[in-house]
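Chemist:
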Amino acid sequence: MISVPRLYASQCAKSINCEPLAKGINALEADEKLNILGQVQGAFMIGDAVLNIRWAASEAHKRKIISAITCRMVAVNKFPHDLSMALAEMVIEEVAGTKRCKKCNGTGEVFSKKQSKYNQCGLCKGAGQVTMTHEKVLSQINNHLRNNGSGLIVSKEDWSKKYYDFWMEYVDELHKAEADAARYAKQLLRRIEDSWCEVG
Ligand SMILES: [Zn+2]
C-alpha cells in the first residue's frame, strides 16, 4: 500500500512535468489515485487542503486556506483584516510548514555512533520539524504585517493576552482536519488493496 504522503506527493511530480501517464496497470493506479484524492477532497475539504500544502507544496491550496481562515477571523473573532491574514499565514506555517529539522534532516532520528543505534532527535523530539517558539511566531506575524504595509504591530503583551489562544485554536483545528483526512485516505487506499487481493 502506498502511504498517504506518497499519494499526495505523486500528483505534485505529475503536475510539474505534465508527462503522459504510463499505460496499463500504472494508468489504472493513477486513475485510482485521482479517485481517492477526489473522495478525500469531497469528504474532508480542509484536511485535504492541508495535506496538499504539506506533501505537494500546493500554493493554490495555501492561498485558499489562508483566505478562509482570514474571513473567519474577521467575522467571528472581529480581528482586523490585515492582522487576520498575518495570523492565518502563520497558522498554515505552524501546521504544514516545511521547516525540516536541521539536526536529523526531517527523519526524527539521529544515529548515535557510541550506542550504534538510532535515537529520537533531541532538537525536534522526533517530529522531524522544528516547532516555532511563541516569540518566533509573533516576530513572523509582525513581518507579514510589515510586508503588507498595514502599519499594525502586535506587541508581546497583546500576542499572549489577546491573540495567542485564538491562533492556537485554528492550529489545533487544522491539525485535527488533517488527521481526519489522512485517516480517510488510508482507509480508501486499504480498500483498493483489499479488492486487488480478491481479484488475484
Ligand atoms: Zn530533528
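Just add 95 to wherever you are in the sequence shown, counting from 1, and you've got the working numbering.
A virtual CB, placed ideally from N, CA and C, is assigned to each residue, including glycine.
1) Buried or exposed for R149, please, with buried defined as at least 16 other CB atoms from any protein chain shown within 10 angstroms of its CB.
2) Could you pull the start and end residues of the alpha helix (DSSP H) that V145 belongs to?
3) Evaluate A274 with the Cβ neighbour count: other Cβ atoms within 10 Å of its Cβ, from every protein chain shown; 16 or more gives buried, anything less gives exposed.
4) Indicate the three-state DSSP secondary structure (helix, strand or coil) for Q210 in the structure shown.
5) To the nearest angstrom, report how far apart T165 and K173 are at their CA atoms.
6) Using a Cβ-Cβ distance under 9 Å, would C216 count as near chain B?
7) Under 9 Å between the Cβ atoms of C49 and L178?
8) Taking 8 Å as the cut-off, is the CB of K173 close to at least one heavy atom of ligand 1?
9) Less than 8 Å between the CB of G192 and some heavy atom of ligand 1, yes or no?
10) In this structure, how does DSSP classify V205 when only helix, strand and coil are distinguished?
11) Which residue comes first and which comes last in the alpha helix (DSSP H) that contains C216?
12) Considering only heavy atoms of ligand 1, list every residue whose Cβ is less than 5 Å from one of them, following chain order.
13) Based on Cα-Cα distance, which residue from E124, Y103, S105 lies nearest to E288?
14) Between the beta-carbon of V186 and the beta-carbon of Y265, is there less than 9 Å?
15) Starting from the C-beta of L284, find all residues in its chain whose C-beta is less than 8 Å away, skip the five residues before and the five after it, and write them out in chain order.
16) Is it buried or exposed for G137, if we count other Cβ within 10 angstroms and need 16 for buried?
17) Answer with buried or exposed for F206, where buried requires no fewer than 16 other C-beta atoms within 10 angstroms of its C-beta.
Modeler: Put simply:
1) buried
2) 140-151
3) exposed
4) coil
5) 10 Å
6) The structure shown has no chain B; it contains just one protein chain.
7) Outside the shown range of the chain (96 to 295) lies residue 49, about which nothing can therefore be said.
8) no
9) Checking every heavy atom of ligand 1 against the Cβ of G192, none is found closer than 8 Å.
10) strand
11) Per DSSP, C216 belongs to no alpha helix (DSSP H) and is neither H nor E.
12) C196, K198, C199, C216, L218, C219
13) E124
14) yes
15) M96, I97, V99, L102, I131
16) exposed
17) So F206 counts as exposed.
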